[in-house]
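Working notes, beginning with the structure itself.
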Amino acid sequence: MKITHADVIVSCPGRNFVTLKIRTDSGPDGIGDATLNGRELAVASYLKDHICPLLIGRDPSRIEDIWQYLYKGAYWRRGPVTVSAIAAVDMALWDIKGKQAGLPLYQLLGGASREGVIVYTHANGRDIDETLDQYAAKKEAGYKAIRVQCGIPGMKSVYGVSKSKDAAYEPATKGWSEEQCWSSEKYLNYVPKLFEAVRERFGFDEHLLHDVHHRLTPIEAARLGKALEPYSLFWLEDPTPAEDQAAFRLIRQHTTTPLAVGEVFNSIWDCKQLIEEQLIDYIRTTVTHAGGITHLRRIADLAALYQVRTGSHGPSDLSPVCMGAALHFDLWVPNFGMQEYMGYSEQMLEVFPHAWRFDNGFMHPGDAPGLGVEIDEKLAARYPYEPAYLPVARLEDGTLCSW
Ligand code: GCO
Ligand code: MG
Numbered sequence: 002m003k004i005t006h007a008d009v010i011v012s013c014p015g016r017n018f019v020t021l022k023i024r025t026d027s028g029p030d031g032i033g034d035a036t037l038n039g040r041e042l043a044v045a046s047y048l049k050d051h052i053c054p055l056l057i058g059r060d061p062s063r064i065e066d067i068w069q070y071l072y073k074g075a076y077w078r079r080g081p082v083t084v085s086a087i088a089a090v091d092m093a094l095w096d097i098k099g100k101q102a103g104l105p106l107y108q109l110l111g112g113a114s115r116e117g118v119i120v121y122t123h124a125n126g127r128d129i130d131e132t133l134d135q136y137a138a139k140k141e142a143g144y145k146a147i148r149v150q151c152g153i154p155g156m157k158s159v160y161g162v163s164k165s166k167d168a169a170y171e172p173a174t175k176g177w178s179e180e181q182c183w184s185s186e187k188y189l190n191y192v193p194k195l196f197e198a199v200r201e202r203f204g205f206d207e208h209l210l211h212d213v214h215h216r217l218t219p220i221e222a223a224r225l226g227k228a229l230e231p232y233s234l235f236w237l238e239d240p241t242p243a244e245d246q247a248a249f250r251l252i253r254q255h256t257t258t259p260l261a262v263g264e265v266f267n268s269i270w271d272c273k274q275l276i277e278e279q280l281i282d283y284i285r286t287t288v289t290h291a292g293g294i295t296h297l298r299r300i301a302d303l304a305a306l307y308q309v310r311t312g313s314h315g316p317s318d319l320s321p322v323c324m325g326a327a328l329h330f331d332l333w334v335p336n337f338g339m340q341e342y343m344g345y346s347e348q349m350l351e352v353f354p355h356a357w358r359f360d361n362g363f364m365h366p367g368d369a370p371g372l373g374v375e376i377d378e379k380l381a382a383r384y385p386y387e388p389a390y391l392p393v394a395r396l397e398d399g400t401l402c403s404w
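When you read off a place in the sequence shown, starting at 1, and then add 1, the result is the number in the working numbering.
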C-alpha cells in the first residue's frame, strides 16, 4: 500500500479547523487534526508546502518511521507549527492502520483500561450567581467534573467567561485580537470566594477544576493554591507560565492543591523536568499539539514512572478529529486522569460525523475502525476560512502580559 494523496482542508463551521486527509492506492483513507488556534494557515502551509509532497509514495503502515523522518528530517526541531503538522500525519496514519485492521484505535494501543473516560466540562458566568446557575445545569446534564471560572469585579472581560449568559465560550474573535485588561490582585482576592460559594451550595460530590491560564507569578500561584486548599480542587491549571519548569518548585513548596500543566507544550522536552521532579500531577499535552499518538504515548509513559497522570486539553479549538483520537488514547492509557470536553456546535459536528459518545459524565470513542471520525468534505467546503485571533491582555498600566 502506498500514499497517493495528502490534502489539507481548512474549514470554518463556526470556527477554523485544519484537517489533513491521506489517501492510499489500495487501502482506506485516514484523517488527522492540525488546528492551531489563531495560526491555522501556518500549519496548513507547513503541511501543503513541506510535508504532503514528502508523503506521496510512502508506505502508510510505517507510522514510527514516518514520524522520525518528519521530526529529525526537518533538522529544525519542535515548535507548535511543526509538531501539529507531524501530529496530523500521525493521526491519519493510525486511522488508516485501524481501518485496515478493522479495529478501533484503542484496540491497537493495547485495549481498554477502563469502561469510560471521565470528562470535565466548563461552568462560567459573569458573576458568582450566574456561574452557580451554569454549574447546576452541568451537574443536571450528568457531569461529574466541572471547571469553574467567573467574571472578576473591576475587570471588563476575563479568560474563560462567555460574553453573554448561555452563549458558548469561544476565546477567538473574528478579525484581529481583542485587548483585555488584567489585574492579578483583583483576581486573587476574588477567586476563593467563587469556590467557597460552589462548595457551599453543591457540596463536595463533583470534581472541581480551575484554569489560571498562565497569568500569575510563581509566588502568586502559591498563594492561590494555598487559598483554594479547603475546596479540594481536582486540579489548578497553568498557574504560571511553564517555559521555566523549575519555577514550579516554588509553588510546590507552598501548596498541596494538585497542578495540571501542558496544553501549550509540543514535546516531551517541555515537560521532562516537571515530570521527573514531580512538580505537577497532571500532564495536559494532547494529540494535535504534542506530536500525535506516537509522541503522546512517550510522554504518558514517562509520566507514569512518576505517578503523573494525563489530563488532555480538549477545547473546541481542537477539532472533533482530535477529540476522537484523544478518547481512544484516554480509554487505553494506564495513567489516565481526566479529559477536557468543551463540546461542539451542531454545525461543527455535522462537518465531522463521529462515533464517540457522551453518557452521564463519561465518554467513549466508539468501536468504529480507526479514529471513528470522518470529515464531510462537501459540507466543509461551504465554510471557508475566516481570520480569527485569540485575545491579548495588558495590565492596568498598559504593560502586555499573558492572556
Ligand atoms: C483550556 C484552554 C483553552 C485555551 C485555548 C486557546 O484549558 O481549555 O486553556 O481555553 O485558551 O485552547 O486556543
Ligand atoms: Mg487551559
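Note that the Cβ used here is the ideal one computed from N, Cα and C, for glycine as well.
- Three or more beta-carbon pairs drawn from the region 309-317 and the region 277-293 are found closer than 8 Å, and the two stretches are therefore classed as touching.
- Judged by beta-carbon spacing, L275 lies beyond the 8 Å limit of V288, meaning their Cβ atoms are not closer than that value.
- Only buried fits S320, as 16 or more other CB atoms lie within 10 angstroms of its CB.
- R148 sits buried, since 16 or more C-beta atoms from the chains shown fall within 10 Å of its C-beta.
- Here DSSP, grouped into helix, strand and coil, assigns M364 to strand.
- In this structure, the C-beta of E238 approaches the ligand GCO to less than 7 Å from one of its heavy atoms.
- Non-local beta-carbon contacts of P219 in its own chain, meaning distances under 6 Å to residues more than five positions away in sequence, involve T241, A248, L251 and I252 in chain order.
- The DSSP assignment places 146-151, 180-183 and 208-212 as complete runs of the beta strand (DSSP E) inside the region 131-219, in order along the chain (cut-off: 3 residues).
- Around the C-beta of H51, fewer than 16 other C-beta atoms lie within 10 Å, and the residue is accordingly described as exposed.
- Take the alpha-carbon of D26 and the one of H211: they are about 47 Å apart.
- By the CB criterion at 8 Å, A89 and D8 fall outside the cutoff.
- Of all alpha-carbon atoms in D245, M156 and H208, the one lying nearest the alpha-carbon of L237 is that of H208.
- Restricting attention to L229, K145 and S163, the CA atom closest to the CA of T174 is found in S163.
- Taking non-hydrogen atoms of the ligand MG into account, the C-beta of E244 is found less than 7 Å away from none of them.
- Between L133 and A198, the C-beta spacing is below 8 Å.
- If you check the C-beta of E141 against the ligand MG, you find no heavy atom less than 7 Å away.
- DSSP places R298 in the helix class (H, G or I) of the three-state scheme.
- The C-beta separation of D96 from L396 comes to about 45 Å, leaving the pair out of contact by the 8 Å criterion.
- Across the set G362, S12 and L260, the C-alpha of S12 shows the shortest separation from the C-alpha of L380.
- Partner residues in the beta bridge of H355, as assigned by DSSP, are V374.
- Cβ contact annotation for C402 (same chain, cutoff 8 Å, sequence separation greater than five): W183, R216, A394, R395 and L396, in chain order.
- In this structure, E180 has its CB at a distance of at least 7 Å from all heavy atoms of the ligand GCO.
- Three or more Cβ pairs closer than 8 Å define a contact, and the region 106-115 falls short of that threshold against the region 78-89.
- In terms of Cα proximity to S185, the closest of A223, V82, D318 and L56 is A223.
- Per the coordinates, the alpha-carbon of Y136 lies some 5 Å from the alpha-carbon of A124.
- Per DSSP, the continuous beta strand (DSSP E) segment holding I23 begins and ends at F18 to T25.
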